[in-house]
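Peer 1:
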Amino acid sequence: MTPPMAERLQELISQGKWEPAFELLRELKPAAAADLIMTMRFEEQQLLFRQLPIPLAASIINHLPYFHAYVLLHSRPVQEMAAIVEAMKQAERDHFLDALPEEAWTSLMDELAEAGSATEPPAVQTPETGREKEVAARPAADEKPIIEARGIEKSFTQKDGSEIQVIAPVDLSLESGTIIALLGPSGSGKSTLLRILSGLAAPTAGKVLWHGEPVGECSPNVAIVFQSFALFPWLTVLENVESPLLARGMEHEERHRRALKALDSVGLKNFETAYPKELSGGMKQRVGFARALAVEPEVLFMDEPFSALDVLTAENLRGDLMELWLAKKIPTRSIFIVTHNIEEAVLLADRVIVLGRNPARIRADFRIALPQPRDRKSAAFFPYVDYIYKVMTKPELTLAPPSATAKQPTPMLPHARPGGVAGLLELLMDRGGEEDLYHVAETLLLEVDDLLPILDAATMLGFATAHEGDVKITPPGRTFAEADIPTRKRLFREALTHVPLMQQIVTALENKSDHTMPVEFFRDLLDERLPAHDVEQQIETVLNWGRYADIFTYDSASDRLRLILAGEAANSQEAAPLH
-15 MTPPMAERLQ ELISQGKWEP AFELLRELKP AAAADLIMTM RFEEQQLLFR
35 QLPIPLAASI INHLPYFHAY VLLHSRPVQE MAAIVEAMKQ AERDHFLDAL
85 PEEAWTSLMD ELAEAGSATE PPAVQTPETG REKEVAARPA ADEKPIIEAR
135 GIEKSFTQKD GSEIQVIAPV DLSLESGTII ALLGPSGSGK STLLRILSGL
185 AAPTAGKVLW HGEPVGECSP NVAIVFQSFA LFPWLTVLEN VESPLLARGM
235 EHEERHRRAL KALDSVGLKN FETAYPKELS GGMKQRVGFA RALAVEPEVL
285 FMDEPFSALD VLTAENLRGD LMELWLAKKI PTRSIFIVTH NIEEAVLLAD
335 RVIVLGRNPA RIRADFRIAL PQPRDRKSAA FFPYVDYIYK VMTKPELTLA
385 PPSATAKQPT PMLPHARPGG VAGLLELLMD RGGEEDLYHV AETLLLEVDD
435 LLPILDAATM LGFATAHEGD VKITPPGRTF AEADIPTRKR LFREALTHVP
485 LMQQIVTALE NKSDHTMPVE FFRDLLDERL PAHDVEQQIE TVLNWGRYAD
535 IFTYDSASDR LRLILAGEAA NSQEAAPLH
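If you use the working numbering, the sequence shown corresponds to residues -15 to 563, in order.
#1: Give every residue of the same chain whose Cβ lies closer than 7 Å to the Cβ of E112, excluding the five residues on either side of it in the sequence, and list them in chain order.
#2: Between S175 and the rest of its own chain, which residues show a CB-CB distance below 7 Å, the 5 nearest in sequence each way excluded?
#3: Between which two residues does the beta strand (DSSP E) harbouring I21 extend?
#4: For the beta strand (DSSP E) containing I163, name the first residue and the last one.
#5: My output table needs one value for D534: the three-state DSSP class, helix, strand or coil.
#6: Give me the DSSP bridge partner(s) of E564.
#7: In chain order, what residues of the same chain have a beta carbon less than 7 Å from the beta carbon of E11, not counting five sequence neighbours either side?
#8: Mind checking which residues open and close the beta strand (DSSP E) that includes M139?
#9: DSSP three-state call for R(-8): helix, strand or coil?
#10: For a test of the three-state rule: what should DSSP assign to P315, helix, strand or coil?
#11: Just to check my reading of the structure: P355 and H399 have Cβ atoms closer than 8 Å, yes? What is that Cβ distance to the nearest angstrom?
#12: In whole angstroms, what separates the C-alpha of T525 from that of F290?
#13: Touch check for the region 179 to 195 and the region 336 to 356: three-plus C-beta pairs under 8 Å?
#14: With a threshold of 8 Å on Cβ separation, who are the neighbours of V154 within its own chain once the five nearest residues in sequence on each side are excluded?
#15: Which same chain residues, not among the five before or five after L57, have their C-beta less than 7 Å away from its C-beta?
#16: According to the Cβ coordinates, are M24 and Q(-6) closer than 8 Å?
#17: For my contact list, L397 and V483 are in at a C-beta cut-off of 8 Å; report their separation, rounded to the angstrom.
#18: Quick one: grab the DSSP three-state call for L48.
#19: Among the candidates S43, A441, S212, L429, whose CA atom is the shortest distance from the CA of G403?
#20: Can you find the residues in the same chain that come closer than 7 Å, C-beta to C-beta, to S160, ignoring five residues on each side of it along the sequence?
#21: Given a threshold of 16 other Cβ atoms within 10 Å of its Cβ, counted over all protein chains shown, does G33 qualify as buried or as exposed?
#22: Any idea if R275 is buried or exposed, counting beta-carbon neighbours within 10 angstroms, 16 or more meaning buried?
#23: Can you give me the C-alpha to C-alpha distance between P105 and K1, rounded to a whole angstrom?
#24: Kindly confirm or deny that the region 452 to 465 and the region 404 to 423 touch, where touching means at least three C-beta pairs closer than 8 Å.
#25: Of all the options W218, R531, I21, which has the alpha carbon lying nearest to the alpha carbon of I548?
#26: Using CA coordinates, which residue listed in T427, M413, V338, L435 is at the minimum distance from L166?
#27: Does the region 227 to 235 come close enough to the region 247 to 255 to have 3 or more Cβ pairs within less than 8 Å?
#28: Using only alpha-carbon positions, find the residue among P460, E494, S497 that is nearest to A479.
#29: In chain order, what residues of the same chain have a beta carbon less than 7 Å from the beta carbon of E238, not counting five sequence neighbours either side?
#30: Counting beta carbon pairs with one atom in the region 298 to 316 and one in the region 401 to 415, are three or more of them shorter than 8 Å?
#31: Drop a sphere of 10 angstroms on the beta-carbon of M93, count the other beta-carbons inside from all chains shown, and report buried for 16 or more, exposed for fewer.
#32: Taking only runs of the beta strand (DSSP E) that begin and end inside the region 448 to 530, which ones reach a length of at least 3 residues, in chain order?
#33: Going by C-alpha to C-alpha distance, which of R507, L475, H47 sits closest to A83?
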């Protein structure tokens, strides 16, 4: 959408000139009008949507992201909301309602039923009836970002000299007054990207700018809170908080004042002389918070700061952080938080970025249009959680047709155990065979990093399918869930016939006269194309799967595999040939 058109619409809104604004939108196709609306600040979007004539609102709303449409729809009185839904085309209305998660759908249906039972018809809407006729004028030019990444990418060199790309070219900016949450599967490069943006690591290509200047040519005022506390055990709490100020050469009096103020702000007053070994995990992380806040950073980076804490402590710390941020008790202008907790991202962030992996690239970047503080049980909360699950479970798109001669990469095995797959399938059976992923995570008390590998394993084996944030058991998965243990082993073994790494191992074992091979041989094969950490995860997973399915045995003393021949399988079950 052209900037002049967006600026014209913003000018009309700021002046309360609604009819010209409506005419500008009517001149565009509904999809283009929706794109134009999405370029504005949410406060402007909300004010405009409250004034839109019902037919115009109905034509535009289905072209907005469904989670955003749900929030904007609720900016209208319930009877007008019902009128907009009723005025939507049947196919568009069905598409919008089908996209909503169960809680949001139920809440909306209740509201529409309430509107239908009301005795008074909705008031005739005219631009002059005026709900909030004024909005603060938008600045002539948007404030420049604090940090801007332009085409940054990161690669690592393997032992054989080949390059493994961890982060594909990425453009990203951090603006003032915003909490940004970065989500992505385990191993997708979230922490690497954080380190590049904060200046701790250099990109292989591209550049990072701090207020328009290259990071290497200035001194960015940033601080980082780590997942692992990273405290000096020989220093007291006060000395730990003072350490970055000491490194900056700050005088003792000012250093002492700032450290005490930071400790007080995180609730650690009177613990100044304690040592880390005397503190609980939550208190240690508070020290990490205080140490970061003491330098009064313009941008605060946080690398999974709550993941090592128990649920209650993490919830309290999130609340403390938001209180400091919303009350402007800290001079920090932007917070960038890496997390694997989807609800945490929706709870805290103004903007959410979701990464894909192998290599990392941005798959979604959107804003959370909910006021703070947020209620995770509200109906408007669930569409955002649901959307993120959909993005993270949506199959990766092929950007170009594969070459007929190019060697295709062997798919990675999800790092999940057979017991986890069985548990997921049994839960789906209890839920009628299909369930929303966020409900599965909530029931099993699993973070997304723990749930997604189990889901990936179930889909790889053909036991389940995932689509649009829902997981559904397949007929083979249903048979597996209902079977006894020996039958499950046989079904698991049969499903592994489609797994290339397992096929490679079995073929090698079958072609040896003694049907044994050292595991180191397969480690070396994997090491040619994978980082060391991924190699060990692949080996651990293939050992778990192969032993469960009675395909081979593993001797840890000699680090060797031995193929289980037909007739040798556990419980006298014949081992199905893996071809």
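Beta carbons are placed, not taken as given, at the ideal position from N, Cα and C, and that holds for glycine. Computed from a prediction, not measured in an experiment: that's the story for all the values here.
Peer 2: From the atom records:
#1: Here residue 112 is taken as the residue at index 128 of the sequence shown, counted from 1. For E112, the pLDDT reaches just 38, beneath the cut-off of 50, and the residue's location in the model is therefore unreliable, although a value from the coordinates is still provided. Non-local beta-carbon contacts of E112 in its own chain, meaning distances under 7 Å to residues more than five positions away in sequence, are absent.
#2: For the purposes of this step, residue 175 is taken as the residue at position 191 of the sequence shown. Closer than 7 Å at the Cβ level, and outside the excluded window around S175, lie D287, V322.
#3: Within the sequence shown, numbered from 1, the residue matching residue 21 stands at position 37. No beta strand (DSSP E) holds I21; the alpha helix (DSSP H) holding it covers 14 to 22.
#4: Here residue 163 refers to the residue found at position 179 when the sequence shown is read from its first residue. Start and end: 162 to 167.
#5: Start at 1 with the first residue of the sequence shown, and residue 534 comes out as number 550. Shown here, D534 sits in coil according to DSSP, grouped into three states, outside any helix or strand.
#6: Outside the modelled stretch of the chain, which goes from -15 to 563, sits residue 564, for which no answer is possible.
#7: Position 27 of the sequence shown, counting from 1, holds the residue named residue 11. Cβ contact annotation for E11 (same chain, cutoff 7 Å, sequence separation greater than five): none.
#8: Residue mapping note: residue 139 aligns to position 155 of the sequence shown, counting from 1. The amino acid at residue 139 is misidentified as Met; the sequence shows Ser. Element bounds for S139: 131 to 141.
#9: Counting from 1 along the sequence shown, the entry for residue -8 is found at position 8. If DSSP states are grouped into helix, strand and coil, R(-8) belongs with the helices.
#10: Counting from 1 along the sequence shown, the entry for residue 315 is found at position 331. P315: coil per DSSP, three-state reduction.
#11: As a working note, residue 355 is residue 371 in the sequence shown. As a working note, residue 399 is residue 415 in the sequence shown. In this structure, P355 and H399 do not form a Cβ contact; the two beta carbons are roughly 38 Å apart against a cut-off of 8 Å.
#12: Start at 1 with the first residue of the sequence shown, and residue 525 comes out as number 541. Start at 1 with the first residue of the sequence shown, and residue 290 comes out as number 306. In a straight line, the C-alpha of T525 is about 28 Å away from that of F290.
#13: Too few Cβ pairs lie closer than 8 Å, so no.
#14: One-based indexing of the sequence shown puts residue 154 at position 170. Taken in chain order, the residues that qualify are A133, G135, I136, E137, L177, G190, A344, R345, I346.
#15: For the purposes of this step, residue 57 is taken as the residue at position 73 of the sequence shown. So the list reads I45, M65, I68, once near-sequence residues are dropped.
#16: Against the sequence shown, residue 24 aligns to sequence position 40. Against the sequence shown, residue -6 aligns to sequence position 10. Inclusion of M24 and Q(-6) in the CB contact set at 8 Å is warranted, their separation being smaller than that value.
#17: Looking up residue 397 in the sequence shown gives position 413. Looking up residue 483 in the sequence shown gives position 499. Yes, L397 and V483 are in contact; Cβ-Cβ is about 7 Å, under 8 Å.
#18: Looking up residue 48 in the sequence shown gives position 64. In the three-state scheme derived from DSSP, where H, G and I count as helix and E and B as strand, L48 is classed as coil.
#19: If you number the sequence shown from 1, residue 403 lands on position 419. Restricting attention to S43, A441, S212, L429, the CA atom closest to the CA of G403 is found in A441.
#20: On the sequence shown, position 176 is the one that residue 160 refers to. Answer for S160: E127, I130, R317, S318, listed in chain order.
#21: Sequence index remark: in the sequence shown, residue 33 carries index 49 (1-based). Note that residue 33 is Phe in the sequence shown, not Gly. Under this definition F33 is a buried residue.
#22: In the sequence shown, counting from the first residue as 1, residue 275 sits at position 291. The residue is buried, with at least 16 neighbouring Cβ atoms inside 10 Å.
#23: Working through the sequence shown from its first residue, we reach residue 105 at position 121. Working through the sequence shown from its first residue, we reach residue 1 at position 17. With a pLDDT of only 41 at P105, under the threshold of 50, the placement of this residue in the model should not be trusted; the figure read from the coordinates follows. A straight line joining the alpha-carbon of P105 with that of K1 spans about 27 Å.
#24: Touching, per the Cβ criterion.
#25: For the purposes of this step, residue 548 is taken as the residue at position 564 of the sequence shown. The shortest C-alpha separation from I548 is found at R531.
#26: As a first step, residue 166 is located in the sequence shown; it is residue number 182 there, counting from the start. Cα-wise, what sits closest to L166 is V338.
#27: Fewer than three Cβ pairs drawn from the region 227 to 235 and the region 247 to 255 lie within less than 8 Å of each other, which leaves the two stretches out of contact.
#28: Stepping through the sequence shown from its first residue, residue 479 is reached at position 495. Of the candidates P460, E494, S497, P460 places its Cα closest to the Cα of A479.
#29: Position 254 of the sequence shown holds residue 238. Contacts found: none.
#30: Touching, no.
#31: Here residue 93 is taken as the residue at index 109 of the sequence shown, counted from 1. So M93 counts as exposed.
#32: Entirely contained in the region 448 to 530, the beta strand (DSSP E) runs reaching 3 residues are, in chain order, 448 to 451, 454 to 457, 500 to 502.
#33: Here residue 83 refers to the residue found at position 99 of the sequence shown. The closest CA to that of A83, considering only R507, L475, H47, is found on H47.
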